[in-house]
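Have a look at the structure below, then the notes.
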Amino acid sequence: MSTTNIEKFNEIVGIIFGKLYESFPLKIDLLSIEVIGEPLQYSDGIYSDELCITVEDHRFFLDTVDWLMTNGYLAGTMSSAGCHRAVLTAEGLEVLKAIPDSLETPLGDRIKETLKTESKEALRSLVSQTLGIGLQFVSRSIGLG
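Take the sequence shown: its letter number 58 is residue 58 in the working numbering, and every next letter is one higher.
Following this line, the structure appears as structure tokens:
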């Protein structure tokens, strides 16, 4: 079964949020090859230490980072390789520090832990919750909620 754009987006956002939350307040580089690159596989089935990425996946990564920046979750400087000196904004940090009723720990901590277990479905779910909370914060700040 192929992954939908939303599922792919949520996975990438989860990885990005995990890296930024763990490094906060230090600024880091988010390069597509390091975030979503996969080991290069040779024709004999052996994997290389070198990472590779398709042009489509690279573009998807850049557009995902751009969306996060445009919507106020992170700040940094975009380049053709990724985002340099990336850091969570105050809103991004607030969302990741939120503790939904269904959890006992902040979303950022849960995302970090989920990245270690490599459960893509759990990561997608946490990112959906996180972005939903972010939308609630934005709605309240502009007087809609």
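The beta carbon of each residue, even a glycine, is placed where N, CA and C say it ideally should be.
DSSP on L88, reduced to helix/strand/coil? As a position in the sequence shown, residue 88 is number 88, starting the count at 1. Looking at L88 - three-state DSSP - the assignment turns out to be strand.
For A98, three-class secondary structure by DSSP: On the sequence shown, residue 98 is found 98 positions in, with the first residue counted as 1. Of the three classes helix, strand and coil, the one that applies to A98 here is coil, per DSSP.
Using a 10 Å radius around the Cβ and a threshold of 16 neighbouring Cβ atoms, would you call N5 buried or exposed? What you label residue 5 is simply residue 5 of the sequence shown in a count that begins at 1. The Cβ neighbour count for N5, taken over all protein chains shown within 10 Å, is under 16; the residue is labelled exposed.
Between which residues of its own chain and P106 is the CB-CB distance below 7 Å, once the five residues before and five after are set aside? Here residue 106 refers to the residue found at position 106 of the sequence shown. In chain order, L96, K97, A98, I99 place their CB closer than 7 Å to the CB of P106, counting only its own chain and leaving out the 5 sequence neighbours on each side.
With 16 as the cutoff for other CB atoms within 10 Å, does R110 come out buried or exposed? The count along the sequence shown starts at 1 and reaches residue 110 at position 110. Result: buried.
Could you give the uninterrupted runs of the beta strand (DSSP E) lying entirely in the segment 17 to 88, keeping only those of 3 residues or more? Here the runs fully enclosed are 28 to 31, 38 to 41, 47 to 52, 74 to 78, 82 to 88.
Quick one: using the 10 Å Cβ neighbour count with 16 as the cut-off for buried, is A86 buried or exposed? As a first step, residue 86 is located in the sequence shown; it is residue number 86 there, counting from the start. A86 is buried by the Cβ-count criterion.
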